[in-house]
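Student: Chains as they are written, first to last, in our numbering: chain A, 1 to 436; chain B, 437 to 872.
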């Protein structure tokens, strides 16, 4: 293919009318597809049907301490669920608590506690005046929305190939108003980047001016490899160990959930941190809740143990289940890549990277075209994530990021949606060049 | 029986040695009973075993809008769960949202939103300086703990026979630092009092100085009658209608859960308020969570529909289930009353009222003895709720309230525990009179 930049105006006009015809044809098909969020597909959720009947009815659902999961209490979650989530996060049992279905709530509430009560003796952040938070960008809109809601100024930090630009981070944390950094360290949302060991070590060794600065480590995709049995899986350095070694034992919070393992609407979540941080959190939680839904915690453990092959094998169950889900997801990611290659390779109008895991593909249009492309796709029946959503405040200064979420649509729908997306990208580019 | 006050010192001494012998005998039995919290008993929880398999595995668990409960979204909860909880609270569908397993979390988070963001345009309470909250007393320790944690001064308001002392409440709310009142309006914790229509109307018609004053209406025992088929059930005036009629449409929040209907550790909860208040809450929740556990919501509806006799009959299912549970609980309440009557009637050392519903019996010792009695019972193996817990800050000025929670122990254990409690009360009274 010849790059659009090398075409003559006449050739561009010919291309334009061909693309317009294809776009109109798509519009007439009356598509109704949604690729806005990284939602698991119904068939993917079907794979966890065993979860619905994981608990036998002929015996009481007791945890491994003999406590009744149906009754009040056990703020940290039942031991077997804590073990499972500790395994998932790669931290010791004593560093984990297990919550309800939304890890976002664990993150939000952690920021809220900092605001209301202060962290480990620090002044409550509501009394500290100006507050700032570091946002590796492009990044996850729901993270940014949390700190924005609490009045933080979200500071974008460019993502490099191996994680956030650590020179900028190191400089930023010399400002005592900077209270934290959002990280999706493995298969980042939306680029699929995994932080290098160097980046993890530099994060762990930060010397922030603020004593209440924390690393929010949302390890959302820890076992979400697309090719789990090959060498094509990213490995992430253990942040806890790195922080301990760097003399920063209390600087980290980790989060995870089974939203994309079991059910996005009915999974379990986990928060890990130093034992001292966790004790402080537990004291607050004992006022906020009568305990998490422990029946669902036990349901998850039993279901995963059944997959893993027996008692105590729930973590193995996760790995086995994720291998199966990878078999459903990888073809979708490959389809996106294939269609984009077929339609866009060599035209000089878009860049994207096919990730090895996670839930997203980040595509960059020519500068200034992302909003237009997303709007055109919507007009033809395909809803994408809002352009700009990957930036704090929803403002992408280059207006070029488009986040593709391939997980939800069926593969034949995905093929159509990507073809339409590519046509919109090409159309917008041709129009820009002709106007230019 | 002759009142202890009318016994001679010699008679008191004889009584003392007899009681000491009985107490020692109890101690030697090595009891290990816990009546500290209003926990459902294991057999009571067994009655909800159908909940574990309420969802079929051969079809997708979709809600009545066809949305997949296993996936993200639906911040307010699925429609059929909202209908159910609206019915339970006696408010329209549009006024309800359904959350996860802990209604305490809904209350805590509601107070937190007032602190952090302010309510309906009011200044965030973190910026308002001194804050006060009204606490009908004796009352529920977990309520008081929430406002205490946020730095409110908890103001005790004496409970009368038909609810809080409304003259004092009306006067208190002329103070703009007073931001709310905790209410358990039906079968109150711990007295079992139901607010009279007059009290509800006076609450609804309050003219608080603070625009962000709210009534926190924790209708925890709305269907928890001990004698549901008889005339011995309390009826509670509808607060929402009363507030609407009084021109105070936004002054109320209602809360409920299925903790004592299905599972204390795995139920569903609800928050109701005016549509305007609810819209504000939903906007915050859309940042805090990806949605509640909708699978568990659907599981509850299906299970209760099966009990109630079919689709749309979940509320009938609750009433039927609660009639059955009442059959298990009423004998326990009657046993407490019977033992206390047998051991204490006429001695002039204790008062208690046998309630018609709820989860507690409130007993009053002679002034100054509650802590001692609770400690003596504990030494002999029976853990009661801490003396003073029914008062803000855990400080009962008369040191006389003891909260009895009959639901958890088996009935023969309960009989022993109450006999021991009565012996402790008598012993402490005799010692006080002899010392006096």
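Ideal Cβ placement from N, Cα and C applies to all residues, glycine included.
Quick one: which chain A residues come within Cβ less than 7 Å of residue 725 (chain B)?
Tutor: For the purposes of this step, residue 725 (chain B) is identified with residue 289 of the second chain, where counting begins at 1. What residue 725 (chain B) touches in chain A: 102, 104, 105.
Student: Can you round the beta-carbon distance between residue 363 (chain A) and residue 350 (chain A) to whole angstroms, since I take them to be within the 8 Å contact cut?
Tutor: Counted from its first residue, the first chain places residue 363 (chain A) at position 363. Counted from its first residue, the first chain places residue 350 (chain A) at position 350. Their Cβ separation, rounded to whole angstroms, is 6 Å, which keeps residue 363 (chain A) and residue 350 (chain A) in contact under 8 Å.
Student: Compute the Euclidean distance between the alpha carbons of residue 355 (chain A) and residue 585 (chain B), then round it to the nearest angstrom.
Tutor: What you label residue 355 (chain A) is simply residue 355 of the first chain in a count that begins at 1. What you label residue 585 (chain B) is simply residue 149 of the second chain in a count that begins at 1. Cα to Cα, the separation comes out at about 45 Å.
Student: Of the residues that make up the region 23-39 of chain A, which ones have a beta carbon closer than 8 Å to any beta carbon in chain B?
Tutor: Under the 8 Å Cβ criterion, the region 23-39 of chain A contributes 37, 39.
Student: Anything in the region 70-103 of chain A with a Cβ closer than 7 Å to a Cβ of chain B? List those residues in chain order, please.
Tutor: The residues in question are 70, 71, 72, 100, 101, 102.
Student: Looking at the strands, I want to know which residues DSSP matches up with residue 592 (chain B).
Tutor: As a working mapping, residue 592 (chain B) is identified with position 156 in the second chain. DSSP, once it has assigned bridges, lists B:571 as partnering residue 592 (chain B).
Student: Which residue's Cα is closest to the Cα of residue 404 (chain A): A:8, A:28, A:37, A:21?
Tutor: Within the first chain, numbered from 1, the residue matching residue 404 (chain A) stands at position 404. Residue A:37 is the option with its Cα nearest to residue 404 (chain A).
Student: Helix, strand or coil: how does DSSP classify residue 462 (chain B) here?
Tutor: Residue 462 (chain B) sits at position 26 when you count from the first residue of the second chain. Helix.
Student: Could you tell me the distance, in whole angstroms, from the CA atom of residue 199 (chain A) to the CA atom of residue 236 (chain A)?
Tutor: Here residue 199 (chain A) corresponds to residue number 199 of the first chain, with the count starting at 1. Here residue 236 (chain A) corresponds to residue number 236 of the first chain, with the count starting at 1. If you take the alpha carbons of residue 199 (chain A) and residue 236 (chain A), they lie about 10 Å apart.
Student: Going straight from the alpha carbon of residue 560 (chain B) to that of residue 128 (chain A), what length do you get?
Tutor: Here the question's residue 560 (chain B) lines up with position 124 in the second chain. Here the question's residue 128 (chain A) lines up with position 128 in the first chain. Their Cα atoms are separated by approximately 15 Å.
Student: Let me know if residue 159 (chain A) comes out buried or exposed under the rule of 16 or more other beta-carbons within 10 Å of its beta-carbon.
Tutor: Numbered from 1 along the first chain, position 159 holds the residue referred to as residue 159 (chain A). When all chains shown are included, residue 159 (chain A) counts as buried.
Student: Have a look at residue 885 (chain B) and residue 719 (chain B) and give me their C-alpha separation to the nearest angstrom.
Tutor: Residue 885 (chain B) falls outside the range modelled here, since chain B spans only 437 to 872, and no answer is possible.
Student: Using a Cβ-Cβ cutoff of less than 6 Å, which residues in the same chain neighbour residue 428 (chain A) once the five nearest sequence positions on both sides are dropped?
Tutor: Taking the first chain and counting its residues from 1, the one referred to as residue 428 (chain A) is at position 428. Closer than 6 Å at the Cβ level, and outside the excluded window around residue 428 (chain A), lie 369, 372, 373.
Student: Taking the straight line between their C-alpha atoms, what separation do you get for residue 775 (chain B) and residue 628 (chain B)?
Tutor: Numbered from 1 along the second chain, position 339 holds the residue referred to as residue 775 (chain B). Numbered from 1 along the second chain, position 192 holds the residue referred to as residue 628 (chain B). Looking at the two C-alpha atoms, the distance is approximately 19 Å.
Student: Taking one C-beta from the region 53-71 of chain A and one from the region 301-312 of chain A each time, how about it: are there three or more such pairs within less than 8 Å?
Tutor: Output reads yes: the region 301-312 of chain A touches the region 53-71 of chain A.
Student: At a Cβ threshold of 8 Å, is residue 504 (chain B) touching chain A?
Tutor: Along the second chain, read from residue 1 onward, the residue named residue 504 (chain B) stands at position 68. Yes, contact with chain A.
Student: With a threshold of 8 Å between beta-carbons, can residue 751 (chain B) be considered close to chain A, or not?
Tutor: If you number the second chain from 1, residue 751 (chain B) lands on position 315. Not closer than 8 Å to any Cβ of chain A, the Cβ of residue 751 (chain B) fails to qualify, so no.
Student: Helix or strand or just coil, what does DSSP make of residue 707 (chain B)?
Tutor: Taking the second chain and counting its residues from 1, the one referred to as residue 707 (chain B) is at position 271. Here residue 707 (chain B) sits in strand by DSSP.
Student: Take residue 267 (chain A) as the anchor and find which of A:126, A:378, A:29, A:104 has the nearest alpha-carbon.
Tutor: The residue labelled residue 267 (chain A) in the question sits at position 267 within the first chain. Ranking A:126, A:378, A:29, A:104 by Cα distance to residue 267 (chain A) puts A:104 first.
Student: If we define contact as Cβ-Cβ less than 8 Å, is residue 729 (chain B) a contact residue for chain A?
Tutor: In the second chain, counting from the first residue as 1, residue 729 (chain B) sits at position 293. Yes, residue 729 (chain B) counts as interfacial toward chain A.
Student: Got a sec: which bits of the region 363-375 of chain A sit with their beta carbon under 8 Å from any beta carbon on chain B, in order along the chain?
Tutor: So the list is empty, because no residue satisfies the distance condition.
Student: If you draw a straight line from the alpha carbon of residue 849 (chain B) to that of residue 469 (chain B), how long is it in whole angstroms?
Tutor: Here residue 849 (chain B) corresponds to residue number 413 of the second chain, with the count starting at 1. Here residue 469 (chain B) corresponds to residue number 33 of the second chain, with the count starting at 1. Cα-Cα distance, rounded: 7 Å.
Student: Determine the burial state of residue 310 (chain A): buried for a count of at least 16 other Cβ atoms within 10 Å of its Cβ, exposed for fewer.
Tutor: The sequence position of residue 310 (chain A) within the first chain is 310, counting from 1. So residue 310 (chain A) counts as exposed.
Student: Looking only at its own chain, which residues have a Cβ that is under 7 Å from the Cβ of residue 811 (chain B), when we skip the five neighbours before and after it?
Tutor: Taking the second chain and counting its residues from 1, one reaches residue 811 (chain B) at position 375. So no residue of the chain qualifies.
Student: Looking only at its own chain, which residues have a Cβ that is under 8 Å from the Cβ of residue 130 (chain A), when we skip the five neighbours before and after it?
Tutor: Translated into the one-based positions of the first chain, residue 130 (chain A) becomes position 130. Excluding residues within five positions, the ones whose Cβ falls inside 8 Å are 153, 177.
Student: By alpha-carbon positions, which one of A:222, A:118, A:231 ends up nearest to residue 238 (chain A)?
Tutor: Your numbering for residue 238 (chain A) matches position 238 in the first chain. Selected option, being the one with the closest Cα: A:222.
Student: So which residues on chain B does residue 216 (chain A) lean against when the C-beta distance must stay under 8 Å?
Tutor: Start at 1 with the first residue of the first chain, and residue 216 (chain A) comes out as number 216. None at all; the shortest Cβ gap to chain B is about 15 Å.
Student: I'd like to know whether the C-beta of residue 714 (chain B) is nearer than 8 Å to at least one C-beta of chain A.
Tutor: For this step, residue 714 (chain B) is matched to residue 278 along the second chain. No, residue 714 (chain B) lies away from the interface with chain A (no Cβ there is under 8 Å from its Cβ).
Student: Which residue's Cα is closest to the Cα of residue 323 (chain A): A:342, A:155, A:260?
Tutor: Locating residue 323 (chain A) in the first chain gives position 323, counting from the first residue. Residue 323 (chain A) has its Cα closest to that of A:260, out of A:342, A:155, A:260.
Student: Where does residue 437 (chain A) sit, in a helix, a strand or coil, going by DSSP?
Tutor: Here chain A covers residues 1 to 436 and nothing more, so residue 437 (chain A) does not appear.
Student: Kindly indicate which three-state DSSP category residue 341 (chain A) falls into: helix, strand or coil?
Tutor: Along the first chain, one-based indexing puts residue 341 (chain A) at 341. Helix.
Student: With distance defined between alpha-carbon atoms, name the residue in B:653, B:692, B:576 nearest to residue 825 (chain B).
Tutor: Translated into the one-based positions of the second chain, residue 825 (chain B) becomes position 389. Selected option, being the one with the closest Cα: B:576.
Student: Grab the span of the alpha helix (DSSP H) containing residue 739 (chain B) for me, first residue to last.
Tutor: Working through the second chain from its first residue, we reach residue 739 (chain B) at position 303. It spans 730-744 - the alpha helix (DSSP H) in which residue 739 (chain B) sits, taken as one unbroken run.
Student: Apply the 10 Å Cβ neighbour rule to residue 85 (chain A) and answer buried if 16 or more other Cβ atoms are within range, or exposed otherwise.
Tutor: Position 85 of the first chain, counted from the start, is the residue given in the question as residue 85 (chain A). When all chains shown are included, residue 85 (chain A) counts as buried.
Student: Nearest chain B C-beta to residue 296 (chain A) closer than 8 Å, yes or no?
Tutor: Here residue 296 (chain A) is taken as the residue at index 296 of the first chain, counted from 1. True, the Cβ-Cβ gap to chain B drops below 8 Å.
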